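Student: The structure that follows is given in the form of structure tokens.
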Amino acid sequence: MPRSTARLPTPGRKPESRLCGGPAGAFASDTEREPETVATAALWREEDDEERRGRRGASLLRGSGFRARGRLRSPPASLRYLRGATMEKSWMLWNFIERWLLALASWSWALCRISLLPLIVTFHLYGGIVLLLLIFVSIAGILYKFQDVLLYFPEQPSSSRLYVPMPTGIPHENIFIRTKDGVRLNLILVRYTGDNSPYSPTIIYFHGNAGNIGHRLPNALLMLVNLKVNLVLVDYRGYGKSEGEASEEGLYLDSEAVLDYVMTRPDLDKTKVFLFGRSLGGAVAIHLASENSHRISAIMVENTFLSIPHMASTLFSFFPMRYLPLWCYKNKFLSYRKISQCRMPSLFISGLSDQLIPPVMMKQLYELSPSRTKRLAIFPDGTHNDTWQCQGYFTALEQFIKEVIKSPSPEGMTKTSSNVTII
């Protein structure tokens with residue numbers, strides 16, 4: 001069929017009505033418009049087919065993950081499948097870990113219940129004993145921890161660590177020495193300057209658990225006058241102007257250092273060295289004498305104790321304290337054992353009015369002493385710190401010192417000489 005020469009309308013637009021000429025503006029007849037209408041319809045169908053093909057291509061582009069019209073489309077189905085499989089594996093792993101942790105917690109709780117069951121049964125049957133044992137162990141721990149605080153009082157009375165009184169009007173030396181472990185100690189040497197002073201005995205004075213050597217000067221000066229002796233007063237480590245902190249082993253080292261110093265003095269008679277100790281100082285003197293019997297002429301102890309465990313059972317008399325083993329005590333001072341090694345002449349001074357240390361302990365030490373020359377001087381009115389003020393006190397000391405000096409070899413005596421004097 002020959003191609004129509006009629007002018008076609010613009011694609012995508014409906015054909016406009018063509019007006020026929022004439023005064024009335026009537027439409028063209030149906031016979032004239034039919035060939036043009038058929039051709040237009042064919043073109044419309046072709047355009048529809050192209051549009052459908054375009055939409056199908058666009059959908060394929062979107063499905064393949066390529067960019068279309070400037071936008072990122074979804075990944076292909078194969079990638080979506082791989083991503084889903086990976087997420088499923090991660091979820092399965094976390095699920096397994098969660099189940100394993102829950103099982104572990106369940107097993108642990110079961111084990112705890114099994115372990116606690118014997119404890120619960122034991123406490124139900126022996127709860128009182130277990131509680132008593134716990135109290136016992138707690139008390140022992142507290143005593144061990146704070147034993148130094150309960151035993152040593154270097155700051156009583158107040159200012160004892162700041163001010164140490166010095167003797168006035170008499171010859172004396174303020175001395176500082178070093179112990180084997182390097183601690184600096186303060187000593188006061190009071191010299192006797194009367195007749196036969198080069199041959200005067202020397203007394204090493206160990207004081208109690210409080211104060212400093214300056215507080216003992218009134219007692220020491222009366223010893224100087226009545227006994228005609230030289231005196232070396234010792235401040236333990238942690239006391240007075242001495243350095244360090246007090247401890248049992250430290251006090252033993254201090255006493256050794258003082259004895260070594262006295263032995264180096266050319267102006268002191270090394271064959272007439274006496275030890276004097278009151279209260280805690282008595283325990284220090286007994287230890288020093290037990291380790292140096294060949295250098296000590298005699299020992300004098302006043303109102304001292306058998307040991308710290310004995311004192312603990314006396315001061316804390318409730319049941320558990322009497323059966324604490326020795327390893328529970330940080331400071332022991334076992335004088336009742338060490339006195340057996342003190343064979344030199346020994347004087348035991350006991351004040352029966354002592355309210356701190358039972359006087360019976362002094363009697364027991366006297367009985368335990370193996371010395372062949374031992375004396376027990378008892379003062380009924382003597383208190384713990386003031387027995388030296390009792391009448392006859394210095395007379396008892398003077399008689400004992402003279403007896404020791406006159407005896408050429410006390411340890412070599414075959415006859416035992418012991419007596420008890422009540423003054």
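Take the sequence shown: its letters are residues 1 to 423, numbered as in UniProt numbering.
Every residue gets a Cβ at the ideal spot worked out from N, C-alpha and C, and that includes glycine.
Keep in mind it's a predicted model, so treat the numbers as computed, not measured.
In terms of residues, what are the limits of the alpha helix (DSSP H) holding residue 308?
Tutor: Its alpha helix (DSSP H) spans residues 308 to 315.
Student: Quick check: the Cα distance between residue 296 and residue 203, rounded to an integer number of angstroms?
Tutor: Computed Cα separation, rounded: 10 angstroms.
Student: Kindly give me the distance between the Cβ atoms of residue 272 and residue 201, rounded to whole angstroms, as I take these residues to be in contact under 8 angstroms.
Tutor: Contact holds; Cβ gap of about 4 angstroms.
Student: Where do the ends of the beta strand (DSSP E) carrying residue 187 lie?
Tutor: Note, residue 187: beta strand (DSSP E), 184 to 190.
Student: How big is the Cα-Cα spacing for residue 255 and residue 284?
Tutor: Those two C-alpha atoms are separated by around 7 angstroms.
Student: Could you pull out every unbroken alpha helix (DSSP H) segment of at least 4 residues lying fully inside the region 230 to 305, listed in chain order?
Tutor: If we require 4 residues or more, the alpha helix (DSSP H) runs fully inside the region 230 to 305 come out as 248 to 264, 280 to 291.
Student: Could you tell me the alpha carbon to alpha carbon distance between residue 182 and residue 118, rounded to whole angstroms?
Tutor: Whole-angstrom Cα-Cα distance: 54 angstroms.
Student: Label residue 27 either buried or exposed according to how many other C-beta atoms from any shown protein chain fall within 10 Å of its C-beta, with 16 as the threshold for buried.
Tutor: For residue 27, the pLDDT reaches just 42, beneath the cut-off of 50, and the residue's location in the model is therefore unreliable, although a value from the coordinates is still provided. Exposed, since its Cβ has fewer than 16 Cβ neighbours within 10 Å.
Student: Nearest to residue 223 by alpha carbon, out of 144, 240, 205?
Tutor: Closest by alpha carbon: 205.
Student: Are the Cβ atoms of residue 309 and residue 332 separated by less than 9 angstroms?
Tutor: A contact, by the Cβ cut-off of 9 angstroms.
Student: Pull up the distance between the alpha-carbon of residue 405 and that of residue 389, whole angstroms please.
Tutor: When rounded, the distance between both Cα atoms is 25 angstroms.
Student: State the start and end residues of the unbroken alpha helix (DSSP H) segment that holds residue 350.
Tutor: Residue 350 -> not in any alpha helix (DSSP H); beta strand (DSSP E) instead, spanning 346 to 351.
Student: Grab me the residues of residue 212's own chain with a C-beta within less than 7 angstroms of its C-beta, minus the 5 sequence neighbours each way, in chain order.
Tutor: Same-chain partners within the cutoff: 160, 164, 235, 239, 240.
Student: Compare the C-alpha of residue 301 against each of 314, 278, 289 and name the closest.
Tutor: Answer by Cα proximity: 278.
Student: Residue range of the beta strand (DSSP E) that residue 379 falls in?
Tutor: From DSSP, the beta strand (DSSP E) with residue 379 extends over 373 to 379.
Student: Using only CA atoms, which one of 228, 220, 208 lies nearest to residue 195?
Tutor: Per the Cα distances, 228.
Student: Exposed or buried, which one is residue 166 when buried takes at least 16 other CB atoms within 10 Å?
Tutor: Exposed is the call here.
Student: For residue 381, count the other beta carbons within 10 Å of its own beta carbon; 16 or more makes it buried, fewer makes it exposed. Which is it?
Tutor: It is exposed - the Cβ of residue 381 has fewer than 16 other Cβ atoms within 10 Å.
Student: Are residue 362 and residue 353 touching if we call contact CB-CB under 9 angstroms?
Tutor: Not a contact, by the Cβ cut-off of 9 angstroms.
Student: Would you tell me roughly how many angstroms separate the C-alpha atoms of residue 286 and residue 259, rounded to the nearest one?
Tutor: Whole-angstrom Cα-Cα distance: 13 angstroms.
Student: Among 139, 178, 220, which has the Cα closest to the Cα of residue 170?
Tutor: Of 139, 178, 220, the residue nearest in Cα terms is 220.
Student: If you follow the alpha helix (DSSP H) that residue 394 is part of, which residue opens it and which one closes it?
Tutor: Where residue 394 is concerned, the enclosing alpha helix (DSSP H) stretches over 393 to 406.
Student: Determine, using beta carbons only, whether residue 305 and residue 335 come nearer to each other than 9 angstroms.
Tutor: Cβ atoms of residue 305 and residue 335: closer than 9 angstroms.
Student: Are the beta-carbon atoms of residue 275 and residue 231 separated by less than 9 angstroms?
Tutor: It is not a contact, given that the beta carbons lie outside the stated cut-off.
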